[in-house]
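Its first residue numbered 270, the sequence shown is counted upward by one per residue in our numbering. A short worksheet on the structure shown next.
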Amino acid sequence: MLEIFPAIDLQNGQAVRLYKGDMQNATIYGDPCAFAREFEQAGAKWIHIVDLDGALSGKSENLAAIESIRKSTQLRIQLGGGIRDEESIKRYLDLGIDRVILGSLAAHSPELARSLAERYPIAVGIDAREGKVATNGWVESSSVDALDLARFYAGSKVQTLICTDIGRDGALSGVNVGFSVAMGQASGLPIIASGGLKDAQDIAQLARAFREHSVQGGVIIGKALYEKKIDLQEAFVQTQIK
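So, in structure tokens, the structure goes:
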């Protein structure tokens, strides 16, 4: 079954959504705790949180908001944004975060990320712009091919790859099903598709493609929820459609 991950992106303590990864193009939606409780009431088991300010600075910038979300819900939380050393991982796990996401570290020091995954619950975030990996809050592009990076993590203890097509993120242009499936086939790991999900049909299409290609995983829903393009309870129904 496709796991649903409602998203909360944090900027200056507020829940926001970016457009195609542009930090200067953020729509503010409000209190992140209120959204977390709403997602929980709708039946979510997980939420996906990104500290956008931390992704730029390389350190935690929205700790108070993260702590508040942790205290106000029973949701399982996967968290990314500026987690670039072991101490940061330990700090968040001690706070009660269930899984930490390594993005820039996983791209720049993949062997270290593989090693950390042996000891901690780690997801690797692979953010791609036109097939190439972007890091440090998506502001830095590289020549590293996203599929090659996914292959590096094959056989590792990484729990899942979170695969974002930056060119679709926040654009409601449809999730990149082909990219998500290819990343799953390259790595052999569960895949959480991210970027551009627009409606219930998108979820059904992704779920069908994952089943057809024997890919396990889930999908992150962000702007489509905040803009009420999709009802979260309806999203859960779509994961069951064959």
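Heads up, the beta-carbon is just placed ideally off N, CA and C, and yes, glycines get one too.
Query                                                                                                             : Result
Continuous alpha helix (DSSP H) stretch holding residue 340: start and end                                        : 332-341
3-residue-minimum beta strand (DSSP E) runs that sit fully inside the segment 391-450, ordered along the chain    : 391-398, 401-404, 409-414 and 429-434
Inter-residue Cα distance where the pair is residue 428 and residue 353                                           : 18 Å
Residue from 467, 497 and 482 with nearest C-alpha to residue 488                                                 : 467
Close Cβ partners of residue 504 (< 7 Å) along its chain, the five nearest in sequence each way excluded          : 273, 469, 472 and 490
For residue 444 and residue 464, believed in contact at Cβ under 8 Å, the rounded distance                        : 7 Å
CA-to-CA distance, residue 355 to residue 338, given in whole angstroms                                           : 23 Å
DSSP beta-bridge partners of residue 288                                                                          : 291
Collapsed DSSP secondary structure at residue 484 in the structure displayed                                      : coil
Where the beta strand (DSSP E) through residue 272 begins and ends                                                : 272-280
Start and end residues, alpha helix (DSSP H) containing residue 373                                               : 373-377
Residue 462 in three-state terms, based on DSSP                                                                   : strand
Collapsed DSSP secondary structure at residue 500 in the structure displayed                                      : coil
Beta carbon of residue 350 nearer than 8 Å to that of residue 393                                                 : no
Residue 451, buried or exposed, once every other Cβ within 10 Å from all chains shown has been counted against 16 : buried
For residue 352, the three-state DSSP class (helix, strand or coil)                                               : coil
Boundaries of the beta strand (DSSP E) in which residue 320 is found, first to last residue                       : 315-320
Distance, residue 295 Cα to residue 341 Cα                                                                        : 25 Å
Exposure label - residue 506; buried when at least 16 CB within 10 Å                                              : exposed
Burial state of residue 482 (16 or more Cβ within 10 Å)                                                           : exposed
Expected contact under 8 Å - CB spacing of residue 449 and residue 475 to nearest Å                               : 7 Å
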